[in-house]
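**Q**
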Amino acid sequence: MRWTAKDAALFAGERKYVDTLLIPFVPVTFGEGAKEAANSGEFVEILGHLLEKQFKGRVLLLPPYTYFAEFSGEKRRRLLDEWLHPVREADFRFVFFLSSDRSWKELLSDEDGEFLWVPSVPLEHLDEQNKRAIMENQAGQLLNIFVEKWQKAEISS
């Protein structure tokens, strides 16, 4: 499910089946590195949509958590904590963070959720067929992580 009016209505009726939240992290910068940050954001957003499509009905894909790349780790963490407060209260069993920014790994704890780091691939010069193949390959690798996490939880409960 995506954060759309149609899916939000569906989510309300099917809440007990939607136990997983997927949150893409998208960097923004207006200085040096803007193009790389935009590429990273585009890559992560496309990947998030592919994952949501595979697990529709179990995963809710939120709009990206957007942050300024220039912010210190401490400031990023503080802002994220405020943002995550309602997420924690919503009581999702699984939370996945998707990012091409490796620095988030050090800022997130296991209690926050599962951090999925993916190196972004520059997509701007690829034709649609190659772009789709790369994205589907990356999504396929991440699908296994979701399934493993769910299976481990089933075994331990």
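By UniProt numbering, the letter at position 147 of the sequence shown is numbered 147, and the numbering carries on one by one without gaps. All residues carry an ideal CB built from backbone N, CA and C; glycine is no exception.
Cα separation between G73 and D7?
**A** One C-alpha to the other measures close to 33 Å.
**Q** Between L62 and P24, is the Cβ-Cβ spacing less than 9 Å?
**A** Going by C-beta atoms, L62 is nearer than 9 Å to P24.
**Q** Let me check one thing: in DSSP terms, what residues is L116 bridge-paired to?
**A** In DSSP, L116 forms a bridge with L98.
**Q** Can you name the residues that DSSP bridges to P86?
**A** Looking at the DSSP assignment, P86 forms no beta bridge with any residue, so it has no partner.
**Q** Please state if the CB of V121 and the CB of T20 are separated by a distance shorter than 9 Å.
**A** Not in contact: T20 and V121 (Cβ atoms no closer than 9 Å).
**Q** Helix, strand or coil for V147 per DSSP?
**A** V147: helix per DSSP, three-state reduction.
**Q** Determine, using beta carbons only, whether A153 and R93 come nearer to each other than 9 Å.
**A** A contact, by the Cβ cut-off of 9 Å.
**Q** Of all the options D91, E124 and F146, which has the alpha carbon lying nearest to the alpha carbon of L98?
**A** Considering only alpha carbons, the answer is F146.
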